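Going line by line, the protein sequences match chains A and B.
Here the numbering used here is used: the first residue of the first sequence is 65, the next is one more, and so on.
Here the numbering used here is used: the first residue of the second sequence is 69, the next is one more, and so on.
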Amino acid sequence: ELKVEQNPLFLSMQEGKNYTIYCNYSTTSDRLYWYRQDPGKSLESLFVLLSNGAVKQEGRLMASLDTKARLSTLHITAAVHDLSATYFCAVDNGNKLVFGAGTILRVKS
Amino acid sequence: NAGVTQTPKFRVLKTGQSMTLLCAQDMNHEYMYWYRQDPGMGLRLIHYSVGEGTTAKGEVPDGYNVSRLKKQNFLLGLESAAPSQTSVYFCASTADSGWSYDTDTQYFGPGTRLTVL
């Protein structure tokens with residue numbers, strides 16, 4: 065059974081600081097997704113990582129995938145308040161996704 | 069192009085009542101999914117469909133039924149609602165391209181907030 069663990073589950077950051085969210089999964093998969101959810105809203109796709117070594121960047125967010133280590137990271141550079149949200153990783157499990165519990169990110173000014 | 073829409077947005081039920089949640093997508097996607105979201109637990113897959121006329125169980129299917137009579141619609145039914153089904157329900161869809169492209173992510177609807185008293 066595929067299990068997906070995110071850490072930390074809650075992250076309080078100062079503006080301008082860097083930090084990394086980790087996503088570990090238990091069985092082999094070559095595809096991993098990152099989503100953002102604002103309070104009371106739906107999920108928005110951030111990154112699609114389709115192979116080992118994949119790296120994607122959008123603004124202050126960068127995601128990477130290491131399929132051998134079964135690990136993905138979401139790195140935040142110079143955080144700003146607008147990045148406050150819940151971030152989910154999700155791992156492909158045969159045309160279905162298994163989600164992590166989510167990381168609540170709060171950026172303080 | 070509305071994407072994925074869900075009806076209703078909010079609903080309050082009494083224990084034992086039944087209801088149907090409707091999901092519609094206008095992107096001609098083959099795959100559709102129903103999830104529930106509970107605090108601290110991420111999203112859990114209830115049922116999914118890989119094409120018109122097909123359905124399959126996900127991680128937490130008990131107490132729910134689904135139907136995909138038309139490609140663009142995916143219905144989630146609760147036959148006898150229980151307080152444990154209080155949750156936010158999300159529908160999602162994705163294209164069938166072998167999950168090989170950057171666009172092969174799931175597109176989510178706005179959610180339905182259901183309370184069962």
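Note that beta-carbon positions come from the ideal geometry of N, C-alpha and C, so glycine has one too.
For clarity, every value in this text was computed on a predicted model and none was experimentally measured.
For the region 159-172 of chain A, the set of residues with a beta-carbon nearer than 9 angstroms to any beta-carbon of chain B comprises Asn159, Lys160, Leu161, Val162, Phe163, Gly164, Ala165, Gly166, in chain order. Secondary structure note for B:Gly145: its beta strand (DSSP E) is the uninterrupted segment 141-146.
Apart from the 5 residues on each side of it in sequence, B:Val184 sits with its Cβ closer than 7 angstroms to the Cβ of Leu81, Thr83, Ala149, Ala150, Pro151, Gln153, Thr154 in its chain, given in chain order. Taking C-beta atoms as the reference points, B:Asp94 and B:Asn133 fail to come closer than 8 angstroms. Excluding its 5 nearest sequence neighbours in each direction, A:Tyr83 has C-beta neighbours in its own chain below 8 angstroms: Leu75, Met77, His139, Ile140, Ala143, listed in chain order. Using a Cβ-Cβ cut-off of 7 angstroms, B:Val118 is close to Asn159 of chain A, given in chain order.
Within the region 98-128 of chain B, the residues whose Cβ lies closer than 9 angstroms to any Cβ of chain A are, in chain order, Tyr99, Tyr101, Tyr103, Gln105, Gly108, Met109, Gly110, Leu111, Arg112, Leu113, Tyr116, Val118, Ala124, Gly126, Glu127. If you draw a straight line from the Cα of A:Val171 to the Cα of A:Lys81, it comes to about 9 angstroms. With its beta carbon at least 8 angstroms from every one in chain B, A:Tyr151 lies outside the interface. Comparing C-alpha distances from A:Pro72 to each of A:Val162, A:Asn157, A:Phe152, A:Lys105 shows the shortest one belongs to A:Phe152.
Excluding five sequence positions before and after A:Leu161, the CB atoms of its chain that fall closer than 6 angstroms to its own CB belong to Ala154, given in chain order.
For chain B, the residues of the region 75-102 of chain A that bring a beta carbon within less than 7 angstroms of one of its beta carbons are Arg95, Tyr97, in chain order. Annotation for A:Ser93: no beta strand (DSSP E) segment contains it, and DSSP assigns it neither H nor E. With a minimum length of 3 residues, the unbroken runs of beta strand (DSSP E) contained wholly in the region 104-137 of chain A fall at 107-113, 119-122, 125-130. A direct Cα-to-Cα measurement between A:Glu69 and B:Gly108 gives close to 12 angstroms. If you draw a 10 Å sphere on the C-beta of A:Gln121, you find fewer than 16 other C-beta atoms in it, and that means exposed. Nearest C-alpha to B:Tyr101 among B:Val128, B:Ile114, B:Gly121, B:Leu90: B:Ile114.
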